[in-house]
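Okay, so here's the structure we're looking at.
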Amino acid sequence: MCIYRSITLATVVLATAGTSAGAANNRWSPPPATKNVSISNGGLTVTFNIAWGAVVIGIANKHVAHGLNIVDSHDVGRELQVDQFLSVKIGDHRKLMINPTQAGAEGYQGYYQHPKGIVFPEKGSPVVRWSARPHHFHAVIKPWDYDTGQPTNWVYVEDVRITSQGVAQFQYTFYNHGSKTYIMGTEVPTLYSDRTNGFMYPLTNPYARQHAAGSHGKIKKWPVKLVTGAPVWPQPAIISKGWIANVDTRANLGIFYTTPVGLAETFGTFPRAAVSDQLPLGKTNVAANLISNPGMIYSIKFRVLVNTPGAGPALISRQPPAVLKILRNVPPPTKAPH
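Letter by letter, the sequence shown follows residues 500 to 837 of our numbering.
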């Protein structure tokens, strides 16, 4: 059972290349352009990489598995982040047009060299501005198109707070300033984790009326499924019942996050990934399919908990459910017939 301690004077950790970045893995030196920023309550630490579009490269609690971080930080684009897949319909076919993403834009030039000798032609999206206080991180990101490394007409606003319960509360707001209407598949979010050899998700919706007592701690054990054996990505999609977790059964550690009920969740591992702190490299993501009109604004709220597979389900189920909300999405006016 994890014990969270309330600490009044929490610290904001700033780390540059070659310096410890809070709870993030440090088995290799980040590229020179990297700037890592961590917020912490003294137990939970969340680390962001400013050079890679403010993606999350570390979530760890020093009271769980000795503060081990399993969020991947070895490959630009394989962390905890959000992105869109925007397409238009041409004839009877969809064509991928643009992919605004926080990190992983190719740009066709070497960005850094992994210790294993792999050169990555990738980079992060520009962070227009950011700020960090002890329990709150805020960033405005102008995401690149993943395939070309060129700017897009989207803006991502990222807000992360550490609650008094020692849980990370995430909110992303997305602004479409483009002129086209897109068929949009959005990953809200996608999480890559080193050391993942199992996945856990609920079999019933912990936020349904019959389970409302669970939010008050009256239900001690939630019906859950643990999938072990490093199943290869992608496993058949499941329908979200409220949360999903990437688990390292060897270290008795899981990263749980709430997901909007009813959306498709996909999970699996990349057992032969060239970049990973410790294989297999696991991935989970939640996918929402929307129509994005010019001027669309929408947001996603969810919470992340680092805990043991035994205690995590009950604790994450007490958190508010994740919410995907469309704030504005007005179809463009149709032309009047002549």
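Quick reminder that beta carbons are idealized off the backbone N, C-alpha and C, glycines included.
Being a predicted model, the structure only gives us computed values, none of them experimental.
Is it true that the region 629-640 meets the region 556-568, where meeting means three or more beta-carbon pairs spaced less than 8 Å apart?
-> The region 629-640, when compared against the region 556-568, does not touch it at the 8 Å Cβ threshold.
Report the option in G697, I569, P770, P705 whose CA atom is closest to the CA atom of G761.
-> P705
Excluding the 5 residues preceding and the 5 following H637 in the sequence, name in chain order all residues of the same chain whose CB lies nearer than 6 Å to its CB.
-> S630, D658
Evaluate S539 with the Cβ neighbour count: other Cβ atoms within 10 Å of its Cβ, from every protein chain shown; 16 or more gives buried, anything less gives exposed.
-> buried
Taking C-alpha atoms, which residue in R802, D574, T672 lies nearest to D582?
-> T672
Does the beta-carbon of V512 have 16 or more other beta-carbons within 10 angstroms, so that it is buried, or is it exposed?
-> The pLDDT assigned to V512 is 31, lower than 50, so where the model puts this residue is not dependable; a value taken from the coordinates is nonetheless given after this. Buried, since its Cβ has 16 or more Cβ neighbours within 10 Å.
Closer than 6 Å by C-beta to V822: which residues in its own chain qualify, once you throw out the five before and the five after it? Chain order, please.
-> K800
Close beta carbons around G741, own chain, < 8 Å, minus the five adjacent residues each side | Excluding sequence neighbours, G741 sits near P701, N704, P705, Y706, T757, T758, V760, S816, P820, A821.
Determine the direct distance from the alpha carbon of Q734 to that of L826, and round the result to whole angstroms.
-> 32 Å
Put S816 into one of helix, strand or coil per three-state DSSP.
-> Three-state result, S816: helix.
Quick one: Cα of M699 to Cα of Y691, how far?
-> 15 Å
Give the DSSP-derived three-state secondary structure of T544 in the structure shown.
-> strand
Cβ-Cβ distance between G552 and P642 below 8 Å | yes
Leaving out five residues on either side along the sequence, give the residues of the same chain with a beta carbon under 6 Å from the beta carbon of A772.
-> L780
Please state whether DSSP places A736 in a helix, a strand or coil.
-> coil
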